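Colleague: Following this message is one structure expressed as structure tokens.
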Amino acid sequence: MNTSNLLMDIQLSYNQFTKTEKKIADFVIGNVDRVLFMSITDLAESCSVADASVYRFCRSIGAEGYQDFKMKLSLSVSPDEIIATEKENLKVDSLEFTLDKILQNHIRVLKETRMLIGKDAVRKTLQMMEEAKNIYFFGIGDSLLTAKEARNKFLRICNKVNCIDDPHMQAMTASMAGAEDLIFIISYSGATKDNVYVAKIAKKVGAKVIGITRFIKSPLTGYTDVLLVCGSNEGPLDGGAMSTKLSQLYIIDVLFQEYYSRNKQMSMENNKKTSRAVVDKLY
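The following block contains the structure:
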């Protein structure tokens, strides 16, 4: 297949597909907009096939994997609608439109995250944090920025938090963890290989795993003890979207405020210590 349009490639190769591949192809062709925001597990369940079947389908049409498949699929969508929308936007002040659009999108994402985050899941997470000997925040790429922010925030009130940048070091740390350790894995898709690999190691050694992700079902969620779902839709071309970080940081902030309230005396004392430690560095 040598065309640059993935949808056309699928249609041209349709008669060569297996029965399972045709089921996936039919769903993709009829639900392009939905597929762009689905995890590999979501698509597999929608087609009543296994995750591995979806992966093989992606490979059969020239994609390196599921994320590459979604990227190419997004590039196959006709730009006519996008151009029409942009022309419509030019009828108003473009800066004013951008200011309002971004504000509304961020508000929507935060409200959706608020609806998705379960109270029982938050309470269970807080209990696990209180009981943990060590707490690690892991992420890859842009999610690593959220992991670092979580570490920085909790370090002000708690001396058992850490964040490791390197995926190899994350895996090594997970292998040395135990039943008293808690690992947060932050991943929008829940399908990043490094994240899933670390979660698998952590579960094997008996450590607890908290997932902060967009999808209820993904390769990562099978290894989590608690799942905290964020409310941002991120397309294949929107990697690192600010709205995704906002939804993740909202969850981190909720955990921080509740942890502080539940452990107020200790948190206040530690907050004073850490504040004093840096006060001389300010003019």
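The working numbering puts the sequence shown at residues 2 to 284.
Think of the CB as a built atom: it goes at the ideal place given N, C-alpha and C, for glycine as much as any other residue.
Computed from a predicted structure; not experimentally measured.
Give a yes or no on whether 8 angstroms exceeds the smallest Cβ distance from Thr245 to chain D.
Modeller: In the structure shown, chain D cannot be found, because there is only a single protein chain.
Colleague: What do you get for Leu104, buried or exposed, if any count of 16 or more other CB atoms within 10 angstroms of its CB means buried?
Modeller: Indexing the sequence shown from 1 puts residue 104 at position 103. Result: exposed.
Colleague: Is it buried or exposed, Lys265, if we count other Cβ atoms within 10 angstroms and call 16 or more buried?
Modeller: Mapped onto the sequence shown, residue 265 falls at position 264. Its Cβ having fewer than 16 others within 10 Å, Lys265 is exposed.
Colleague: Taking Arg215 as the reference, give the member of Val33, Phe38, Cys48, Glu270 with the closest Cα.
Modeller: Translated into positions along the sequence shown, residue 215 becomes position 214. Measuring from the Cα of Arg215, the nearest candidate turns out to be Phe38.
Colleague: Answer yes or no: do Leu183 and Ala133 have a C-beta to C-beta separation smaller than 8 angstroms?
Modeller: Start at 1 with the first residue of the sequence shown, and residue 183 comes out as number 182. Start at 1 with the first residue of the sequence shown, and residue 133 comes out as number 132. In this structure, Ala133 lies closer than 8 angstroms to Leu183 by Cβ.
Colleague: Grab me the residues of Ser228's own chain with a C-beta within less than 6 angstroms of its C-beta, minus the 5 sequence neighbours each way, in chain order.
Modeller: Walking along the sequence shown from the start, residue 228 turns up at place 227. With the sequence shown as reference, residue 228 is identified as Leu, and Ser is not the correct amino acid for it. Gly212, Thr222, listed in sequence order.
Colleague: Cα-Cα, which of Leu111, Asp27, Ile253 is closest to Ala151?
Modeller: As a working note, residue 151 is residue 150 in the sequence shown. Closest by alpha carbon: Ile253.
Colleague: One question on the structure: do Cys48 and Ile11 come within less than 8 angstroms of each other, judged by their Cβ atoms?
Modeller: Position 47 of the sequence shown holds residue 48. Position 10 of the sequence shown holds residue 11. No; because the gap between Cβ atoms is not below 8 angstroms, this pair is not in contact.
Colleague: Under 8 angstroms: do the stretch 184–204 and the stretch 139–155 share three or more Cβ pairs, one atom per stretch?
Modeller: The answer is yes - the stretch 139–155 touches the stretch 184–204, with three or more Cβ pairs under 8 angstroms.
Colleague: Please report the Cβ distance between Ser233 and Val110, rounded to the nearest whole angstrom; I am assuming they are in contact, meaning their Cβ atoms lie under 8 angstroms.
Modeller: The residue you call residue 233 lines up with position 232 of the sequence shown. The residue you call residue 110 lines up with position 109 of the sequence shown. Going by Cβ atoms, the distance from Ser233 to Val110 rounds to 5 angstroms, so yes, they are a contact pair.
Colleague: Determine the contact status of His107 and Leu247, defining contact as a CB-CB distance below 8 angstroms.
Modeller: Taking the sequence shown and counting its residues from 1, the one referred to as residue 107 is at position 106. Taking the sequence shown and counting its residues from 1, the one referred to as residue 247 is at position 246. In contact: His107 and Leu247 (Cβ atoms closer than 8 angstroms).
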